[in-house]
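Asks: Structure in structure tokens, see below.
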Amino acid sequence: AQSVSQHNHHVILSEAASLELGCNYSYGGTVNLFWYVQYPGQHLQLLLKYFSGDPLVKGIKGFEAEFIKSKFSFNLRKPSVQWSDTAEYFCAVNARAGNNRKLIWGLGTSLAVNP
Amino acid sequence: GAGVSQSPRYKVAKRGQDVALRCDPISGHVSLFWYQQALGQGPEFLTYFQNEAQLDKSGLPSDRFFAERPEGSVSTLKIQRTQQEDSAVYLCASSSFRENKADTQYFGPGTRLTVL
Numbered sequence: 446a447q448s449v450s451q452h453n454h455h456v457i458l459s460e461a462a463s464l465e466l467g468c469n470y471s472y473g474g475t476v477n478l479f480w481y482v483q484y485p486g487q488h489l490q491l492l493l494k495y496f497s498g499d500p501l502v503k504g505i506k507g508f509e510a511e512f513i514k515s516k517f518s519f520n521l522r523k524p525s526v527q528w529s530d531t532a533e534y535f536c537a538v539n540a541r542a543g544n545n546r547k548l549i550w551g552l553g554t555s556l557a558v559n560p
Numbered sequence: 228g229a230g231v232s233q234s235p236r237y238k239v240a241k242r243g244q245d246v247a248l249r250c251d252p253i254s255g256h257v258s259l260f261w262y263q264q265a266l267g268q269g270p271e272f273l274t275y276f277q278n279e280a281q282l283d284k285s286g287l288p289s290d291r292f293f294a295e296r297p298e299g300s301v302s303t304l305k306i307q308r309t310q311q312e313d314s315a316v317y318l319c320a321s322s323s324f325r326e327n328k329a330d331t332q333y334f335g336p337g338t339r340l341t342v343l
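So, in structure tokens, the structure goes:
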């Protein structure tokens, strides 16, 4: 069965620190990859996505992610976090097989940024 | 423009009651998805519609769960004879269908169901 693994469940950083959140998936075929963010009290919002092309994708608020096919990974990065980045971050994968359109999700990473 | 809306935002049900959760997708979006998110977990897929056709219901956990989208717009997720393990946030998402399958799902605020 397809699965998504997020390596860090809780991360605490100080402002201006660099961030990297790991995401690995288990599926050998073509995939669409997503990072979603959920700020406190708000709904899930798309941070960035990869469908094809350049494996380094840039999203909103200075976030980026790199798709490494050989490692089945799609890690999220930000060079300098802000207090406002405090949120829950979810990695999600869609296996592009047949008519499959469902997203398989990781457990999420809770990020707390101290001012 | 208006995003995905869901109602009610909160629902408390006694065990054994039936509940109905509503989702209004983004106008013009032909694809609609339901997910269940338990506390401390990531969302889990329940079912998917393309217009009024339910193309994938592989994630529905039991025959107590039923979803419909009769006119290809608003969708209702119904849970019969609710159990405590049904307590979760139920998320709805919509997307504009693309033939190359490169579509993005946009999420509503969710309905938090608590079964006592």
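These protein sequence lines are chains U and C, in that order.
Per this note's numbering, residue 446 is the first one in the first sequence, and the count goes up by one each step.
Per this note's numbering, residue 228 is the first one in the second sequence, and the count goes up by one each step.
Cβ coordinates follow ideal geometry from the N, Cα and C atoms, glycine included.
To which residues does DSSP link U:TRP528 through a beta bridge?
Replies: DSSP lists no partner for U:TRP528.
Asks: Thinking C-beta only, is U:ASN544 closer than 8 Å to C:LEU282?
Replies: Contact: yes.
Asks: In chain order, what residues of the same chain lie with their CB nearer than 6 Å to the CB of C:TYR237, ignoring the 5 residues before and after it?
Replies: For C:TYR237, where only same-chain residues beyond five positions count, the Cβ hits under 6 Å are ARG339.
Asks: Would you say the beta carbon of U:TYR534 comes nearer than 7 Å to a heavy atom of the ligand ADP?
Replies: The model on display carries no ligand, and the ligand ADP is accordingly not part of it.
Asks: I'd like the list of long-range same chain contacts for U:LEU548, defined as Cβ closer than 8 Å, with 5 residues on each side in sequence excluded.
Replies: Correct list, in chain order: PHE479, ALA537, VAL538, ASN539.
Asks: Name the residue from U:SER555, U:TRP550, U:PHE512 whose alpha carbon lies nearest to the alpha carbon of C:GLN263.
Replies: Minimum Cα distance to C:GLN263 is reached at U:TRP550.
Asks: DSSP three-state label for U:SER515, please.
Replies: U:SER515 falls in the helix class under three-state DSSP.
Asks: Check each candidate in C:LEU248, C:GLY267, C:GLN277, C:ARG291 and name the one with the smallest Cα separation from C:GLU298.
Replies: For C:GLU298, the nearest C-alpha among the options comes from C:GLN277.
Asks: Using a threshold of 8 Å, state whether the C-beta atoms of C:VAL231 and C:ALA294 are closer than that.
Replies: Contact: no.
Asks: Closer than 8 Å, Cβ to any Cβ of chain U: which residues of the region 252–263 of chain C, in chain order?
Replies: Those residues of the region 252–263 of chain C that come within reach of chain U (Cβ to Cβ, closer than 8 Å) are SER258, PHE260, TYR262.
Asks: Suppose the cutoff is 6 Å on Cβ atoms and the five residues either side in sequence are ignored; what does the same chain contact list for U:SER459 look like?
Replies: Within the same chain, U:SER459 has close Cβ partners ASN559.
Asks: Using a cut-off of 7 Å between C-beta atoms, extract the partners of C:THR175 located in chain U.
Replies: Outside the displayed range of chain C (228 to 343) lies residue 175 of chain C, so it cannot be described from this structure.
Asks: Determine the closest residue to U:HIS452 out of U:ASP499, U:LYS506, U:HIS488, U:ASN520, with distance taken between C-alpha atoms.
Replies: If we check each option's Cα against that of U:HIS452, U:ASN520 comes out closest.
Asks: Contact criterion: CB-CB distance below 8 Å. Does U:ASN469 meet it with respect to chain C?
Replies: By this cut-off, U:ASN469 is not an interface position.
Asks: Name, in chain order, the residues that DSSP records as bridge partners for U:THR554.
Replies: Paired residues: U:TYR534.
Asks: In chain U, which residues lie with their C-beta within 8 Å of the C-beta of C:GLY335?
Replies: The answer, in chain order, is HIS488.
Asks: Please confirm whether U:GLY551 has its beta-carbon closer than 8 Å to some beta-carbon of chain C.
Replies: Closer than 8 Å: yes.
Asks: For chain U, check one thing: does any of its Cβ atoms lie closer than 8 Å to the Cβ of C:PHE272?
Replies: Closer than 8 Å: yes.
Asks: Around the C-beta of C:SER322, are 16 or more other C-beta atoms found within 10 angstroms, so that it is buried, or is it exposed?
Replies: Label assigned to C:SER322: buried.
Asks: Am I right that C:LYS305 and C:ASP245 are in contact with their C-beta atoms under 8 Å? What's the rounded C-beta distance?
Replies: Confirmed, about 7 Å.
Asks: At which residues does the beta strand (DSSP E) containing C:PHE260 begin and terminate?
Replies: From DSSP, the beta strand (DSSP E) with C:PHE260 extends over 258–264.
Asks: Give me the Cα-Cα distance between U:ALA462 and C:HIS256, rounded to the nearest whole angstrom.
Replies: U:ALA462 and C:HIS256: Cα-Cα distance of roughly 39 Å.
Asks: Quick one: is C:ASP313 buried, meaning 16 or more other Cβ sit within 10 Å of its Cβ, or exposed?
Replies: Classification for C:ASP313: buried.
Asks: Tell me the rounded alpha-carbon separation between C:ALA315 and C:LEU343.
Replies: Roughly 12 Å between the two C-alpha positions.
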